[in-house]
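See below for the structure under consideration.
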Amino acid sequence: TVNGLSSQQQGIWVNGTGEVQVEPDIFNLSLGIVSQEDTLSAAQAAAAAAMEKVLDTLKDNGIADKDVQTSRFNVRQVTQWNREKEENEVTGYEVSNMVNVKVRKVDEAGTVIDAVVAAGGDLTRINSMGFAIDDDSEYREEARALAAEDAKARAEQLAKLSGVKLGQATYVTESSYSQPIVYRSYMEAAPALDGGSAKTSIAPGELTVTVTVQIVYAID
Numbered sequence: 014t015v016n017g018l019s020s021q022q023q024g025i026w027v028n029g030t031g032e033v034q035v036e037p038d039i040f041n042l043s044l045g046i047v048s049q050e051d052t053l054s055a056a057q058a059a060a061a062a063a064m065e066k067v068l069d070t071l072k073d074n075g076i077a078d079k080d081v082q083t084s085r086f087n088v089r090q091v092t093q094w095n096r097e098k099e100e101n102e103v104t105g106y107e108v109s110n111m112v113n114v115k116v117r118k119v120d121e122a123g124t125v126i127d128a129v130v131a132a133g134g135d136l137t138r139i140n141s142m143g144f145a146i147d148d149d150s151e152y153r154e155e156a157r158a159l160a161a162e163d164a165k166a167r168a169e170q171l172a173k174l175s176g177v178k179l180g181q182a183t184y185v186t187e188s189s190y191s192q193p194i195v196y197r198s199y200m201e202a203a204p205a206l207d208g209g210s211a212k213t214s215i216a217p218g219e220l221t222v223t224v225t226v227q228i229v230y231a232i233d
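Taking my numbering, the leading residue of the sequence shown gets 14, the next gets one more, and so forth.
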């Protein structure tokens, strides 16, 4: 140690950031069916029929089986407080069946949403949706290189301003993330002037892949 500092605490510490703008190549949907009926068997039957239509519609729109994954299946009693008896009474049963869907043709996202809503009818639920990158490793490498360049430039400037010579890097760490475009809820399309339903329009925009590095350079 020198003056109470460890070797890792000595030198020039800098942070560097690299960002890459990327067009998303997948559209993730969390959707499903929620059915409520007086009896459990009726609720299950209605949910099963509606979900079958939804899954068939997804196939008709080019969604592969591998891109549809069940995320939640739930059955619960629906109760209501009875003031006279001062207790909860079972008034029906609710069955929900949710799946995660990966739409690889992002320009058809709106079409898929409209088709699913039409297939499931009033039982359709869309929990969330958002654009993403299926494999961002290439973009992370690019952002990482930009971050390292940014950090080194900062270190060289600090060394020059301090009147010292920049040495080798002695410590490196990084963090990275992609900022997704997420739509938390589905907004119903307004009725068209001709009385029909307006088509849902979804704009993908761009995603930002960011890598931040912290580098410690020795002072020669």
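A virtual CB, placed ideally from N, CA and C, is assigned to each residue, including glycine.
CB-CB length for residue i against residue j, believed under 8 Å
i: Asp80; j: Val114; result: 6 Å
i: Val129; j: Thr137; result: 6 Å
i: Asp233; j: Lys173; result: Not confirmed; about 13 Å, so no contact.
i: Gly105; j: Glu50; result: 6 Å
i: Tyr67; j: Ser109; result: Note on residue identity: the sequence assigns Val, not Tyr, to residue 67. 13 Å between Cβ atoms; not a contact.
Own chain residues within Cβ distance below 8 Å of residue i, not counting five before or after
i: Ile39; result: Lys115, Val116, Arg117, Val119, Phe144, Ala145, Ile146, Asp147
i: Ser54; result: none
i: Lys212; result: Gly123, Thr124, Asp127, Ala202
i: Ser214; result: Gly123
i: Glu187; result: Arg157, Ala160, Val224, Thr225, Val226, Gln227
i: Ala63; result: Ile46, Ser48, Ala132, Gly133, Gly134, Leu136, Thr137
i: Gln181; result: Tyr230, Ala231
i: Glu162; result: Gly29, Gly31
Cβ-Cβ distance between residue i and residue j below 8 Å
i: Thr221; j: Asn28; result: no
i: Glu102; j: Thr92; result: yes
i: Gln82; j: Val33; result: no
i: Ile31; j: Ala158; result: According to the sequence as given, residue 31 is Gly; it is not Ile. Contact: yes.
i: Thr183; j: Ala216; result: no
i: Ser189; j: Ala156; result: yes
i: Glu219; j: Glu100; result: no
i: Ile76; j: Leu171; result: no
Same chain, Cβ closer than 7 Å to residue i, neighbours up to 5 away in sequence not counted
i: Thr70; result: Ala128, Val129, Ala132
i: Ser84; result: Ser43, Met111, Val112, Asn113
i: Arg153; result: Ser189, Val222, Val224
i: Thr52; result: Tyr106
i: Ala61; result: none
Cut-off 6 Å between Cβ atoms - residues of its own chain near residue i, not counting five sequence neighbours on either side
i: Met200; result: Here Met200 scores only 41 on pLDDT, less than 50, and its place in the model is too uncertain to base an answer on.
i: Val229; result: Gly24, Trp26, Thr183, Tyr184
is_contact[residue i, chain D] using C-beta, thresh 8 Å
i: Val226; result: The structure shown contains no chain D, having only a single protein chain.
Run through the stretch 29–103 for me and flag every whole beta strand (DSSP E) of 3 or more residues, listed as ranges in chain order.
-> Correct list: 39–50, 81–95.
Along the chain, which unbroken stretches of the beta strand (DSSP E) at least 3 residues long are found entirely within the stretch 113–183?
-> With a minimum length of 3 residues, the unbroken runs of beta strand (DSSP E) contained wholly in the stretch 113–183 fall at 137–145.
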